[in-house]
Amino acid sequence: MSELAKKRPEFRNINAFKDLTTYRLPPAGWVSILHRVSGLIMFLLMPFIIWMFDVSVSSEISFSKFKAAFNSGLGFVPGAFIKLVALALIWAYLHHFIAGLRHLWMDVNHAVSKEFGKSSALVTLALSIGLTVVLGAKLFGLY
1 MSELAKKRPE FRNINAFKDL TTYRLPPAGW VSILHRVSGL IMFLLMPFII WMFDVSVSSE
61 ISFSKFKAAF NSGLGFVPGA FIKLVALALI WAYLHHFIAG LRHLWMDVNH AVSKEFGKSS
121 ALVTLALSIG LTVVLGAKLF GLY
């Protein structure tokens, strides 16, 4: 056998039941999956977004109801749950926006390498989580 035939790469399929618990996804893979998840969250919560916008800008009375929904709840839904849903929307928007900028930057500059992919993915994760924590602290009244 020739030397080239011995050094062929080995490709294996991932079994969902056995290998997913031990498979280590690189940061760029996590950003890619979370980009899709954040887009799905924003799409599914679009009625909530429209409701928030409509109630907040209709009149002063409806804005008071909007504030009351976040503070004391709306019907049987507690206010903390509404704030958590809003926090999920904040994270989804920030992550989707920052990951989209990352993809645009890579497309424009043709910066496709393992090193840049890893570092830009880590920056994307850090920025989206950090900004979400800051805005979440504001949402929950910590400052």
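Counting along the sequence shown from 1, when you hit position 140 you're at 140 in UniProt numbering, and nothing is skipped either side.
All C-beta atoms in this analysis are idealised placements derived from N, C-alpha and C, irrespective of residue type, glycine included.
On a predicted model such as this, the values are computed, not experimentally measured, just so you know.
{"query": "Is it buried or exposed, Ile98, if we count other Cβ atoms within 10 angstroms and call 16 or more buried?", "result": "buried"}
{"query": "Compute the Euclidean distance between the alpha carbons of residue 151 and Phe63, then round it to the nearest angstrom.", "result": "Not covered by the structure: residue 151. The range shown for the chain is 1 to 143."}
{"query": "Just to confirm my understanding: we take Phe70, look at its own chain, exclude 5 residues before and 5 after, and list those with CB closer than 7 Å. What are they?", "result": "Gly79, Ile82 and Lys83"}
{"query": "How do the region 122 to 138 and the region 86 to 94 stand: do at least 3 beta-carbon pairs fall below 8 Å, yes or no?", "result": "yes"}
{"query": "DSSP state of Val55, grouped into three classes?", "result": "helix"}
{"query": "Which stretch, first to last residue, makes up the alpha helix (DSSP H) that contains Ile95?", "result": "Checking the sequence, you will find His at residue 95 rather than Ile. Segment Gly79 to Asn109, the alpha helix (DSSP H) holding His95."}
{"query": "Taking the alpha-carbon of Val31 as reference, which of Leu142, Arg102, Ser113 and Asn109 has the nearest alpha-carbon?", "result": "Arg102"}
{"query": "Pick from Ile49, Ser113 and Val108: whose alpha carbon is nearest that of Leu87?", "result": "Ile49"}
{"query": "Would you kindly work out how many angstroms separate the C-alpha atoms of Ser59 and Phe53, rounded to a whole number?", "result": "11 Å"}
{"query": "Look up Leu20 in the DSSP assignment and say whether it is helix, strand or coil.", "result": "coil"}
{"query": "My understanding is that His110 touches Met42, with C-beta atoms under 8 Å, so please give their C-beta distance in whole angstroms.", "result": "Their Cβ separation, rounded to whole angstroms, is 29 Å, which puts His110 and Met42 out of contact at 8 Å."}
{"query": "Straight-line CA distance for residue 146 to His35?", "result": "With the chain covering only 1 through 143, there is no way to say anything about residue 146."}
{"query": "Out of Val85, Pro27, Gly75 and Lys138, which has the shortest C-alpha to C-alpha gap to Gly117?", "result": "Pro27"}
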